[in-house]
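In our numbering, the protein residues as written are 282 to 918.
Cβ coordinates follow ideal geometry from the N, Cα and C atoms, glycine included.
Every value quoted in this text rests on a predicted model; they were computed, and no experiment measured them.
Scroll down for the structure; my scribbles are underneath it.
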DNA sequence: GCAGCTTCATACTA
DNA sequence: CTAGTATGAAGCTG
């Protein structure tokens, strides 16, 4: 076999003269830097999933890790090739300005000022939620005439203009507030939080200024457009950009890739051995073209080479290895894929489907922490049961639409009940919280998959009931979940009063949903005034005709397993629809933010209003909260 | 400063 | 369902 293979031995001695093949742009400082530590053990890694294609040509004759990578964001020490050119604070402030060098005022703002634009978890979450609220608002199903295409770009543009972004300063390595495993559904989202500051390009790089100027890759997105190898969970073979490999313009010639911009930055980062953030893009099952991006943490570029692509032109290739010790992210996705395809059995699987077919898709039951064989017995029912006739509203009737209810059609009485605002986007994502969502019901003549029937068409995400470490059983999802996605309703028996121990009838009912509890208000909708049209999204407080208490102690669905959190990722929303000319209210759960796979789903249980005269104790939860959130209230229930 | 270009996007249609 | 394509925004380049 010619041309090397997956081993890491020294490349062939024939030196590759890149200048003959590649249009190398003159650069002030393209000085090769050799690893400084000869005693470093040879790099050992899993081989790439297949042999290199023929035409493989080693590009640089040195590879392997450098023992002490410089921290390029905080110049606390002096790495060999990059001179320590400024005090740390000054450097940071220069970087703050992007690539512009701005004269700095001496003796002014302390270092902390530079951090002001850096995010933390809360800032990052708020930017992302703000973006998605605006995006949903813009993509709401309305009159086709007024429909906005590319609501993601429009929302991004508005927020950029307002400065509603964070971590705008480029940096190598960790981005404050962005966690490994975080998921994104649009490139613009990653730009807004500073994870990857390119709206389309796959390689993001940064100019480092000193006495020598250098270009570094800071993040890459591998999203399938090029011929990458992304099968191994810790290894990524990434292709350089350019050469119009992925061009959608027919008249463009396919050409050799050039060692410029992103490609050059990758090359420099190989030699500087700096960490590169890797975002893995994959197909999202929500639609044929939709994508989901997973932040998979930090990698280092191990080697690079040039090979001939299918077109016969030169393509740069970079082999990246994931740094050890990071929480798994992409690996979780790979495992789920295996479970789904039945290639590997799930550790701790107790039941493949605890609903026994009551739901259209299975809900697995898993315990990989202890010996408990399952939760206490209950009867699974997919939807809430009104035991006695429970008239919640005046008689009312559904719509008269023939096919699917059209957004903006005010002849549709369901639309009118929603104030003319269709509650869902074309994907079936909730646009905004509101006092009460009116869906089309069983008596509406519109088609079963009318876009205004979201909470009554069963589970859509693949759920799993699992044993938590310290909070009993919990609920999580195999699928990534977009903010606003319907998760499940709260099923059970409608009761009139919550049983408590004081009633002398045994133990407390822990499986209760109760609208009379006090719930922390929170803002989820797009702020008013940002989109120029009348909207009543300002009201997020629920409003239902009479209190609703549901017990899932004996009869219930997956919702009974959702635990409480003071910083939840799920919220509830009352939904009403017609049945026999009466309107019934149900409790539907929606994703509060994007939720990565295998993340526990939680909502805020609220606090019981006590009737006792004890004013001080009128609002206090009975149970100690273990949610672990920095904003934990301590008690709930 | 700005116009033009490139870019591992997206959403639609056929 | 896949392929084609129309439209797109940010950041770099000159």
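Item: Bridge partners - residue 872, DSSP secondary structure assignment; Value: 851
Item: Cβ-heavy atom distance, residue 493 to the ligand NAP, below 7 Å; Value: Of the ligands one can find in the structure shown there are none, so the ligand NAP has no counterpart to examine.
Item: Three-state secondary structure assigned by DSSP to residue 480; Value: coil
Item: One or two residues paired with residue 563 in a DSSP bridge; Value: 573
Item: Given 8 Å, three or more beta-carbon pairs between the segment 591–603 and the segment 714–734; Value: no
Item: Sequence-distant residues of the same chain with beta carbon closer than 7 Å to residue 464, five excluded per side; Value: 573, 574, 575, 761, 875 and 877
Item: Boundaries (first-last residue) of the beta strand (DSSP E) holding residue 503; Value: 495–503
Item: Continuous beta strand (DSSP E) stretch holding residue 600: start and end; Value: 595–603
Item: Residue 883 vs residue 851 beta-carbon contact at 8 Å; Value: yes
Item: Bounding residues of the beta strand (DSSP E) (the contiguous stretch that carries residue 755); Value: 754–758
Item: Per DSSP, the bridge partner or partners of residue 589; Value: 595
Item: C-beta contact flag for residue 844 and residue 678 at 8 Å; Value: no
Item: Buried or exposed (CB count within 10 angstroms, at least 16 for buried), residue 831; Value: buried
Item: CA-to-CA distance, residue 759 to residue 232, given in whole angstroms; Value: With the chain covering 282 to 918 only, the question about residue 232 has no answer from this structure.
Item: CB-CB length for residue 461 against residue 543, believed under 8 Å; Value: About 23 Å separates the two Cβ atoms, so there is no contact after all.
Item: Distance CB(residue 703)-CB(residue 688) smaller than 8 Å; Value: yes
Item: Within the segment 713–778, ranges of the beta strand (DSSP E) (whole runs, at least 3 residues); Value: 744–748, 754–758, 767–770 and 774–776
Item: Residue 416 and residue 399 closer than 8 Å at C-beta; Value: no
Item: Residue from 401, 407, 402 and 403 with nearest C-alpha to residue 805; Value: 407
Item: CA-to-CA distance, residue 477 to residue 494, given in whole angstroms; Value: 22 Å
Item: Three-state secondary structure (DSSP) of residue 928; Value: Here the chain comprises residues numbered 282 to 918, so residue 928 is not present and cannot be evaluated.
Item: Counted within 10 angstroms of its Cβ, other Cβ atoms place residue 410 as buried (16 or more) or exposed; Value: buried
Item: Residue span of the alpha helix (DSSP H) that contains residue 407, given as start and end; Value: 402–420
Item: Cβ pair count under 8 Å reaching 3, the segment 745–755 against the segment 638–648; Value: yes
Item: Stretch-stretch touch, CB-based, cutoff 8 Å, three pairs: the segment 448–460 with the segment 547–562; Value: yes
Item: Of the residues 821, 801 and 767, the one placed nearest residue 716, counting alpha carbons only; Value: 821
Item: Classification of residue 655 by the beta-carbon crowding that lies within 10 angstroms, buried from 16 upward; Value: exposed
Item: Residues near residue 479 in its chain [Cβ-Cβ closer than 6 Å; skip 5 each side]; Value: 485
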